[in-house]
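Below is one structure, written out as structure tokens, with a few remarks after it.
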Amino acid sequence: MKAYSLAAILTLVVANAVYAADSSGPASRPDPMMDRYHAAAERQDWKSAAAAMTEALGADPRNADYHSLYAYALRRSGSSDMDVVFKHYNEALRIDPKHRGAHEYIGEAYLMVGNVAKAKEHLGALDKICFFGCSEYNDLKKAISDAEAKTVKQ
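Heads up: the sequence shown begins at 5 in the numbering used here, then just goes up one per residue.
What follows is the structure in structure tokens.
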């Protein structure tokens, strides 16, 4: 009986997943600002990437992706103004508390300023958000491990 129940549950789960994958949601509109950002990021031109997100935020200040990517571009450009970086990551998380990228990136930013405890808080948040694991969790976990190993060597 248990095997039959398990088989029935698995069938429903798989059928639901296939239906969801086959269902076409609303078509996403092209986003020229994101295209500019990604083109600049591919070239590792972080100042241009930040400029694209500055313009995007002017048009849509409630977009969590724009805030997260703006902060990421600032951080990668070598900006020393970490207050602005944290402001935008926190705004992304205020808008979307489950934004995996923002949790990963703010955790990495905390590591840059030596705050391993805050980075671990965001790792904990990702652990809850990513029930079956996700690359953001794995990447931040590795970054924390690397930071802790550096501290031990010093």
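Idealized CB from N, CA, C, for every residue including glycine.
Quantities reported herein were computed from a predicted structural model and do not represent experimental measurements.
Three or more beta-carbon pairs separated by less than 8 angstroms link the segment 141-152 to the segment 114-124, which places the two stretches in contact.
In its chain, beyond the 5 residues on either side, Tyr74 have a beta carbon closer than 7 angstroms to the beta carbon of Thr58.
Secondary structure note for Val117: it is in no alpha helix (DSSP H), with a DSSP letter that is neither H nor E.
Boundaries of the alpha helix (DSSP H) harbouring Gly62: Trp50 to Ala63, taken from the DSSP string. Annotation for Glu95: His71 place their beta carbon closer than 7 angstroms to its own, counting only its chain and skipping 5 residues before and after. Boundaries of the alpha helix (DSSP H) around Asp69: Ala68 to Arg80. Between the beta-carbon of Gly105 and that of Leu127 there is about 14 angstroms, and that puts the pair past the 8 angstroms contact cut. A distance of 8 angstroms or more separates the beta carbons of Met86 and Ala56. Residue range Pro36 to Glu46 is occupied by the alpha helix (DSSP H) that includes Asp39. Between Ala53 and Ala45 a beta carbon distance of about 5 angstroms is seen, short of the 8 angstroms cut, so the two are scored as contacting. Trp50 places its beta carbon less than 8 angstroms from that of Ala77. Its Cα nearest to that of Tyr109, the residue Ile148 stands out among Ile148, Ala60 and Thr155. Under the three-state reduction of DSSP, Lys102 is assigned to coil, being neither helix nor strand.
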